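Peer 1:
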Amino acid sequence: QKEVEQNSGPLSVPEGAIASLNCTYSDRGSQSFFWYRQYSGKSPELIMFIYSNGDKEDGRFTAQLNKASQYVSLLIRDSQPSDSATYLCAVGAPYNTDKLIFGTGTRLQVFP
Amino acid sequence: DGGITQSPKYLFRKEGQNVTLSCEQNLNHDAMYWYRQDPGQGLRLIYYSQIVNDFQKGDIAEGYSVSREKKESFPLTVTSAQKNPTAFYLCASRGNEKLFFGSGTQLSVL
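Chains as they are written, first to last, in my numbering: chain S, 13 to 124; chain P, 400 to 509.
(1) Check each residue of the region 47-74 of chain S: if its Cβ is closer than 7 Å to any Cβ of chain P, include it; give the result in chain order.
(2) Could you check which residue in V16(S), L112(S), L23(S), N78(S) has the C-alpha nearest to that of P93(S)?
(3) Just the C-alpha distance for F73(S) and V84(S), rounded to the nearest angstrom, thanks.
(4) Find the residues of chain S that neighbour F454(P), judging by a C-beta separation of less than 9 Å, and give them in chain order.
(5) Run through chain B and tell me which residues come within less than 7 Å of S502(P), C-beta to C-beta.
(6) Can you pull the chain P residues whose beta carbon is under 7 Å from the beta carbon of G117(S), in chain order?
(7) Examine chain S for any beta-carbon lying closer than 7 Å to the beta-carbon of K469(P), and answer yes or no.
(8) Taking the DSSP output, what are the residues bridged to S406(P)?
(9) Quick one: using the 10 Å Cβ neighbour count with 16 as the cut-off for buried, is G53(S) buried or exposed?
(10) What does a CB cutoff of less than 6 Å around Y63(S) pick up in its chain, not counting 5 residues either side in sequence?
(11) Distance cutoff 7 Å, beta carbons only. Does A480(P) sit that close to anything in chain S?
(12) 7 Å is my cut-off, CB to CB: does L86(S) come that close to chain P?
(13) Roughly how many angstroms separate the alpha carbons of Y432(P) and C35(S), rounded to a whole number?
(14) Just to confirm the assignment, what range does the beta strand (DSSP E) spanning T118(S) have?
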C-alpha cells in the first residue's frame, strides 16, 4: 500500500463547477497535510495546509481533513481554466516532521 | 526578493560524467531538500539537511551526493553511478513547517 494515494485523473470539470480532489494516507500518526499545485514544467506551489480535523477555507479553496478515516480533500469552488494543473497531496511523516511524503498527484482539467 | 534559486534550468550529462545542480536560498531556513520527479510521478526524496554540516539520505539516495557547508547552499551532485538520471530535480527549503520550492532543473542524458 502506498503511503499517500491519489487518483491520477484527469478529473474534468466545467468552468464554474466545484472540483473535488481526494487523498488518502496510510499512517495514523501523520499530523500535517498540504496541497500543492503544479503547472506543467513548473515547480509545486503551496496552496493549502491543514493540521486539525475539519475544514479550512481560503478564498475559493477548502481543505478538509478526517483523521479517523485517514483522508484529506481539496475543494475548488467556481473552478477556472487557470486552475487546470496537477494537484499534489503531501503528508508529514509521523515520526520525522522534517519529511513530507508526496502522492503522485491528480491532474485537473477545467473546460470552458 | 526572498526565495530559492536553482541553476541551471536545463542540464545535459554525458555518460560517465558527474554533474552538480546548484540550490541557494535566502529565506534563512535551516532545512533544505532535494527531490526528483519523473514524468507523471510524484516527488521522491533524494537527500535532506536539517542543519549546516549535516544531511540524511532520503528514499532514493543511491548515485547522488550532497554537501551543506553553508546555510544558504545545498548543491546536489549526480554521479556516474546514477544510471537513470533523466528527471526534473527540485530543491526546497522548509520554514514554519511548510516546504517552498525552487524553479527546478531538468537533467537529460546526451
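Ideal placement from N, C-alpha and C gives every residue a C-beta, glycine not left out.
These figures come from a predicted structure and were not determined experimentally.
Peer 2: Let's see:
(1) S55, P56, L58, F61
(2) What you label residue 93(S) is simply residue 81 of the first sequence in a count that begins at 1. L23(S) is the residue among V16(S), L112(S), L23(S), N78(S) whose C-alpha sits nearest the C-alpha of P93(S).
(3) By one-based count along the first sequence, residue 73(S) stands at place 61. By one-based count along the first sequence, residue 84(S) stands at place 72. One C-alpha to the other measures close to 13 Å.
(4) Here residue 454(P) corresponds to residue number 55 of the second sequence, with the count starting at 1. Neighbours of F454(P) on chain S: none; closest Cβ ~11 Å, over 9 Å.
(5) Note that chain B does not occur in the displayed structure, where the protein chains are S and P.
(6) Here residue 117(S) is taken as the residue at index 105 of the first sequence, counted from 1. What G117(S) touches in chain P: G441.
(7) Within the second sequence, the letter at position 70 stands for residue 469(P). No, its Cβ sits nowhere closer than 7 Å to a Cβ of chain S.
(8) Here residue 406(P) refers to the residue found at position 7 when the second sequence is read from its first residue. Here S406(P) is bridged, per DSSP, to S421(P).
(9) Position 41 of the first sequence, counting from 1, holds the residue named residue 53(S). By the Cβ neighbour-count rule, G53(S) is exposed, with fewer than 16 other Cβ atoms within 10 Å of its own.
(10) Counting from one through the first sequence, the residue named residue 63(S) turns up at place 51. These residues qualify, in order along the chain: S44.
(11) Position 81 of the second sequence holds residue 480(P). Chain S contact via Cβ: absent.
(12) Your numbering for residue 86(S) matches position 74 in the first sequence. L86(S) does not count as touching chain P.
(13) Position 33 of the second sequence holds residue 432(P). Position 23 of the first sequence holds residue 35(S). If I take the Cα positions, the gap works out to 23 Å.
(14) For this step, residue 118(S) is matched to residue 106 along the first sequence. Its beta strand (DSSP E) spans residues 118-123.
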